[in-house]
Amino acid sequence: MRLLEGITEAADAVSHNKLRTILSLLGMIIGTASVVSVMAAGAMMSHEFIDQADSIGARLIVVYNNWEISDAQARRVFMSNRDVDALREQEKGALVVRLNETNRNAIKGSVSKSISVRGIDPGYWEMWPRDFSSGRPITQADDDELAKVCVLTDDYAAAFFPEGNALGSSLTIGSFDYTVIGVIARQENEALMNDGSSTETAFVPYTVLERTFDWSWSGSPRVYELMIRAPSVVAVPSTAASIESYLSRMYGTVDGKCRFKVEAIEGALKAVRTIFAAVSGIIAFIAGISLFVSGIGIMNVMLVAVSERTREIGVRKAVGAKSSDIMSQFLMESLFICLAGGIAGIVLGMGIARVISAVSKWSYVMPFNAPLVALVVSACVGLFFGLVPAKNAAALDPVTALTKE
Amino acid sequence: MIKLEGIYKDYRQGKNDVKVLKGIDLQVREGEYVAIMGPSGSGKSTLMNIIGALDRPTSGSYFLDGEDVSKLEDDELASIRNKKIGFIFQTFNLLPRMTAQRNVELPLVYGGYKPSIRKKMAMEALDRVGLTDRSHHRPNEMSGGQRQRVAIARALVVNPRILFADEPTGNLDTQTGEDILALFRRLNDDGSTVVMVTHEHDVAQHSRRIVHIRDGLIWSDETIPEDKRAHVQ
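Residue numbers (this note's numbering), protein chains in the order written: chain C, 1 to 405; chain G, 406 to 638.
As structure tokens, this is what we get:
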């Protein structure tokens, strides 16, 4: 039988018993509505989360030497400033910051402490925003002029300058004197400031720290570590991949491995995603149960329909319907019922998603695949649970079916 | 055209096999009008089902147009019914949700005809039974006689080799029954082969030949002379 024929006939048969059909569909509607709304809520939540995740380094990629490749296997190589320029050129929209850290002794008057000196490019605080209790961050001009300036944390500023006159004062770090140009306020949420610095860190212009090293033995200055912020959370994997392919191209690979680690710091994001996946899993399970129960309801309705229409089946067979014709007729009906319920459920689910968005103040997102998934699932329920009734109908003996009262 | 040879039919009832047909030999030629008569339980319905390709004999051969259909598969039988046999039932057996025209089209749907051709053929068949003006009515909007005419149109629509009528007047009042029988007579005069099952002698008198079945065997087989046939208005 032709498809259109089947659809009109199915619609006709279904509309004949509206109330019963609608009742049996409730489960279907609820099931698909929950599938759609849960998927939408998930999408809204992760959009919301991506915004917040930015502050904890969700877009960050760290590049450093892969120490797993030992000297025995290969000569150790380091990135150079040329690579940094090349990567900045290649990764438009990404922020590339060099990082170098070493321990030095800092002396002011009678106070002497070992501190961690971190040489940074000016983009560093764009990546790791910090509040300054006084002064200013390091700028490109500081780097260009090789200004011996430093930024201290509150704690250390107080340790070296108990009178509170740190700003503008001079502090001896290693063999040079640096002027304190800024003091970073104590961070409320220290755990979230995952840049690896501590209260004992003093920040200085990258090039200034680079010049304090003696590179004569290695030929040119080495770049030990890069922090790269991808243009978006979504772009993190592709950015990381393109950086790795650049480095592999420049320095070759050892046993197929890049000589450098290109690491996306997604840990926190991953943890939350895992939790969210678990929650959606549970809700999907509940939706699945409701779809299953509704499937049984549909099967029941179809079984009743087959028994009520035994005579009709007999007549159809008498005038030449093959078993497959009867089978597809009833499958089409249950498919039609389920798709109708599925579409109603999708509309309801979209409404629920709107309500969730309004109540939670999340911006409304409807992933394009949510209605698709719901539609496919409801079609599958229709076909699966319609199979037994349709088979029963197809297997009816025409003589028996015709004589049934 | 129809040739039955040694038809037996057993039904299993509990532990026992019940022999319903016990060796039927029968031939029906093209253009005949045969009434099959017999008391209930005689096996006439079973015989009807076998001739109508709704059922298969336990043993024996049934040749329809020279083809042995007694051993065909279900779907092959469905195809035979679709192309060669037109059924008319006592209770009309129209599909209640469909209009007269759609009911008449039903065999054509399974025959794989295009919708436009189906409609044309259905209207022609309705015209032959005098019901063109009722084509868009549903069965519950029609009288018993009209319903049976729709059923006859449905049987006629594929131009079957045989029209099979099972107690076609059983659910109709006398006058309407007479009208339906007159219609069969006309169709037969126009060349259709008609096989009718009935237990009413008056109805059987409309045919040209009466076959009596009793206890699963043919009891008598007689031709009705033209002057002895029932009178038609």
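The beta-carbon is built from N, C-alpha and C at its ideal position, and this holds for glycine as well.
Coarse secondary structure for residue i, derived from DSSP in three states
i	result
residue 298 of chain C	helix
residue 311 of chain C	helix
residue 67 of chain C	coil
residue 274 of chain C	helix
residue 152 of chain C	strand
residue 418 of chain G	strand
residue 470 of chain G	coil
residue 133 of chain C	strand
residue 45 of chain C	helix
residue 120 of chain C	strand
residue 564 of chain G	coil
residue 488 of chain G	helix
residue 101 of chain C	strand
residue 400 of chain C	helix
residue 407 of chain G	strand
residue 515 of chain G	helix
residue 408 of chain C	What the structure shows of chain C is the stretch from 1 to 405, and residue 408 of chain C is not part of that stretch, so it cannot be assessed.
residue 428 of chain G	strand
Distance between residue j and residue i (C-alpha atoms, nearest Å)
i	j	result
residue 451 of chain G	residue 384 of chain C	37 Å
residue 466 of chain G	residue 430 of chain G	9 Å
residue 323 of chain C	residue 453 of chain G	22 Å
residue 156 of chain C	residue 198 of chain C	10 Å
residue 162 of chain C	residue 200 of chain C	16 Å
residue 511 of chain G	residue 15 of chain C	20 Å
residue 390 of chain C	residue 335 of chain C	11 Å
residue 584 of chain G	residue 31 of chain C	57 Å
residue 438 of chain G	residue 375 of chain C	56 Å
residue 319 of chain C	residue 463 of chain G	23 Å
residue 127 of chain C	residue 235 of chain C	16 Å
residue 264 of chain C	residue 47 of chain C	19 Å
residue 316 of chain C	residue 495 of chain G	16 Å
residue 549 of chain G	residue 461 of chain G	32 Å
residue 632 of chain G	residue 581 of chain G	23 Å
residue 313 of chain C	residue 588 of chain G	28 Å
residue 615 of chain G	residue 622 of chain G	14 Å
residue 192 of chain C	residue 237 of chain C	A caution first: residue 192 of chain C carries a pLDDT of 45, below 50, which makes its placement in the model too unreliable to give a value.
residue 569 of chain G	residue 492 of chain G	5 Å
residue 251 of chain C	residue 67 of chain C	15 Å
residue 520 of chain G	residue 396 of chain C	28 Å
8 Å Cβ cut-off: residues of chain C touching residue i
i	result
residue 515 of chain G	1, 316, 319, 320, 321, 322, 325
residue 480 of chain G	322, 323, 324
residue 559 of chain G	319
residue 492 of chain G	318, 319
Beta-carbon neighbours of residue i, restricted to chain C and to distances below 9 Å
i	result
residue 484 of chain G	320, 322
residue 511 of chain G	315, 316, 319, 320, 321
Where residue i meets chain G, residues with beta-carbon distance less than 8 Å
i	result
residue 16 of chain C	502
residue 312 of chain C	500
residue 406 of chain C	Outside the modelled stretch of chain C, which goes from 1 to 405, sits residue 406 of chain C, for which no answer is possible.
Given residue i as reference, the closest of the options once Cα atoms are compared
i	options	result
residue 82 of chain C	C:282, C:322, C:247	C:247
residue 17 of chain C	C:238, C:68, C:173, C:301	C:301
residue 293 of chain C	C:376, C:26, C:111	C:26
residue 470 of chain G	G:488, G:461, G:478	G:488
residue 182 of chain C	C:175, C:252, C:264, C:169	C:169
residue 34 of chain C	C:283, C:398, C:336, C:388	C:283
residue 576 of chain G	G:459, G:565, G:552	G:552
residue 457 of chain G	C:404, C:405, C:399, C:403	C:399
residue 475 of chain G	G:534, G:434, G:530, G:414	G:414
residue 524 of chain G	G:629, G:591, G:562, G:580	G:562
residue 517 of chain G	G:614, G:484, G:601	G:484
residue 85 of chain C	C:145, C:226, C:392, C:187	C:226
residue 342 of chain C	C:36, C:12, C:19, C:9	C:36
residue 241 of chain C	C:186, C:62, C:28	C:62
residue 368 of chain C	C:3, C:42, C:21, C:10	C:42
residue 325 of chain C	G:406, G:514, G:526, G:559	G:514
Proximal residues of chain G, C-beta to C-beta of residue i below 7 Å
i	result
residue 399 of chain C	454, 459, 460
Contacts of residue i in chain G (Cβ-Cβ under 9 Å)
i	result
residue 5 of chain C	514, 520
Contact with chain D by residue i, beta-carbon distance below 8 Å
i	result
residue 592 of chain G	Chain labels in this structure do not include chain D; the protein chains are C and G.
Chain C contact residues for residue i, given Cβ-Cβ distances below 7 Å
i	result
residue 487 of chain G	319, 320
Quiz item: What residue ranges within the stretch 157–207 of chain C form continuous beta strand (DSSP E) runs of no fewer than 3 residues, ordered along the chain?
Solution: 170–173, 176–184, 201–205
query = Can you list, in chain order, the stretches of the beta strand (DSSP E) that have 3 or more residues and sit fully within the stretch 221–262 of chain C?
reply = Complete beta strand (DSSP E) runs here, min 3: 225–229.
- Taking only runs of the alpha helix (DSSP H) that begin and end inside the stretch 304–381 of chain C, which ones reach a length of at least 4 residues, in chain order? 310–318, 323–360
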